[in-house]
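Numbering (this note's numbering), first residue to last: 13 to 439.
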């Protein structure tokens with residue numbers, strides 16, 4: 013009996029070892045079909061949600077492979093309609109057991125290659141399907157002001173060209189910083205845009221601890237146009253010219269009060285600071301959440317003067333509630349040909365020009381940026397729209413996103429240098 017037992021054991025050891033085949037395995041390989049996994053987990057892989065223990069136990073290997081692709085490829089949306097079969101070899105041989113590092117490297121290389129392919133296809137598919145829903149155009153100033161008026165013109169035209177609604181979302185406060193912060197943190201998919209003003213060029217120098225960088229957190233889309241800054245006083249004001257205002261300011265330093273758009277680093281505010289510095293005068297800035305409330309306060313006699321752009325001030329000037337006494341551009345404005353420039357009256361060489369533009373979060377696909385740039389400039393070139401902008405004091409400026417970006421970089425340097433030289437800080 014002992015001999016028979018020994019012979020049986022010997023025969024068993026001499027038989028070739030067989031690889032066990034579990035359901036779903038073929039030829040020693042494990043097939044992971046992401047389209048299958050995707051259908052199982054779509055709707056559960058959202059932020060703040062988790063899989064059930066049962067799902068994890070039944071589909072652990074499939075889930076792990078899917079999660080690896082998503083985590084290593086953050087550019088792939090969870091609902092991306094693209095299936096790929098991931099074949100992870102698990103042949104149980106002595107060679108594989110001796111070289112686990114090589115298998116791990118191969119799997120990582122494979123996952124990396126899939127990431128590159130899927131990210132590229134994701135961006136391309138996103139651009140091809142854009143737009144597929146409504147777009148939000150965020151404005152950092154109150155309704156009724158210059159930025160709001162221009163934003164609504166752009167939104168109306170883009171709604172027609174994109175075939176989906178473009179909704180204006182007013183988020184006033186901190187001279188546009190609140191709106192800029194929201195857009196900088198938004199998804200870079202073309203569905204959240206910023207109606208930027210030239211004041212954004214100085215925000216990083218004026219405000220501390222901002223959550224965005226003007227040059228790094230945004231993708232320039234389109235320069236809408238340039239505008240002068242107009243100096244206005246109440247219709248019943250005793251000041252007939254800018255010289256009268258400055259004479260009163262010198263006589264009683266700090267007594268005159270004024271508004272400048274939303275304050276902060278807005279172009280009207282910077283124009284006022286530059287003028288005070290050039291003329292060695294002192295006046296008190298009163299801040300508001302935008303042009304509309306500031307100009308209404310001026311019209312009611314609460315302020316002595318204000319700096320703003322024509323699109324906000326002209327309606328009140330034309331109604332007689334306000335009176336324009338100067339513009340800050342090098343040449344007289346076409347909308348106010350009878351109003352002298354600051355340069356020709358009190359400060360030779362003085363020039364400050366405001367601008368408006370559309371910006372998107374950094375990383376927005378170039379094809380989407382190009383589409384928006386094309387549609388915006390086509391809309392602003394329409395005769396009716398062009399004339400309406402001119403009536404608001406805005407001269408349409410054509411250009412590519414790259415040219416707009418170069419202009420912004422130049423403005424950031426100019427504003428930042430001036431703010432540091434003058435020692436300005438947001439209150």
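We treat Cβ as the ideally placed atom computed from N, Cα and C, and that holds for glycine. Note that the coordinates shown come from a computational prediction; the quantities given were computed from them, not determined experimentally.
DSSP places residue 231 inside the beta strand (DSSP E), whose first and last residues are 230-240. Under a 10 Å Cβ-count criterion, residue 179 is classified as exposed, with fewer than 16 other Cβ atoms of the shown protein chains found around its own Cβ. Collapsing the DSSP output to three states places residue 397 in a helix.
By the Cβ test, the region 277-297 is in contact with the region 362-370, since at least three Cβ pairs between them sit closer than 8 Å. Scanning the region 245-303 for uninterrupted beta strand (DSSP E) segments of 3 residues or longer gives 269-272, listed from N- to C-terminal end.
Rounded to the nearest whole angstrom, the CA to CA distance from residue 428 to residue 302 is 22 Å.
Distances from the CA of residue 403 to each of 316, 165, 388 were compared; the closest alpha carbon is that of 165. Minimum Cα-Cα distance from residue 370 among the listed residues 186, 395, 207 corresponds to 207. A Cβ-Cβ contact shorter than 8 Å links residue 265 with residue 294. In the three-state scheme derived from DSSP, where H, G and I count as helix and E and B as strand, residue 392 is classed as helix. Within the DSSP bridge table, the entry for residue 309 names no partner.
Residue 339 carries a strand assignment under DSSP once its states are collapsed to helix, strand and coil. Around the beta-carbon of residue 390, fewer than 16 other beta-carbon atoms lie within 10 Å, marking it exposed. If you draw a straight line from the Cα of residue 237 to the Cα of residue 182, it comes to about 20 Å. Non-local C-beta neighbours of residue 272 in its own chain, meaning closer than 6 Å and more than five positions away in sequence, comprise 280, 281, 284, 319, ordered along the chain.
Residues of the same chain with a CB within less than 6 Å of the CB of residue 167, apart from the 5 flanking positions on each side, are 149, 178, 180 in chain order. Pairwise C-beta distances place the region 352-363 in contact with the region 333-343, as three or more of them are shorter than 8 Å. Residue nearest to residue 241 within the set 323, 422, 421, 328 is 323 (criterion: CA-CA distance). Between residue 226 and residue 397, the C-beta spacing is not below 8 Å. Within the region 136-179, the complete alpha helix (DSSP H) segments at least 4 residues long are 158-174, listed from N- to C-terminus.
Below 8 Å, too few C-beta pairs join the region 213-222 and the region 250-267 to call them touching: fewer than three.
Between the alpha carbons of residue 267 and residue 202 lies a distance of about 47 Å.
Judged by DSSP in its simplified three-state form, residue 364 adopts coil rather than helix or strand.
Bridge pairing for residue 182: 151 [DSSP]. By the beta-carbon neighbour count (other beta carbons within 10 angstroms, threshold 16), residue 417 is buried. 8 Å or more divides the Cβ of residue 436 from the Cβ of residue 358. DSSP places residue 219 in no beta strand (DSSP E); its state is neither H nor E. Here residue 387 is not near residue 239, since their CB atoms are 8 Å or more apart. Under the DSSP assignment, residue 207 falls in the beta strand (DSSP E) whose first and last residues are 204-209.
As computed with DSSP, residue 353 is found in a beta bridge with 339.
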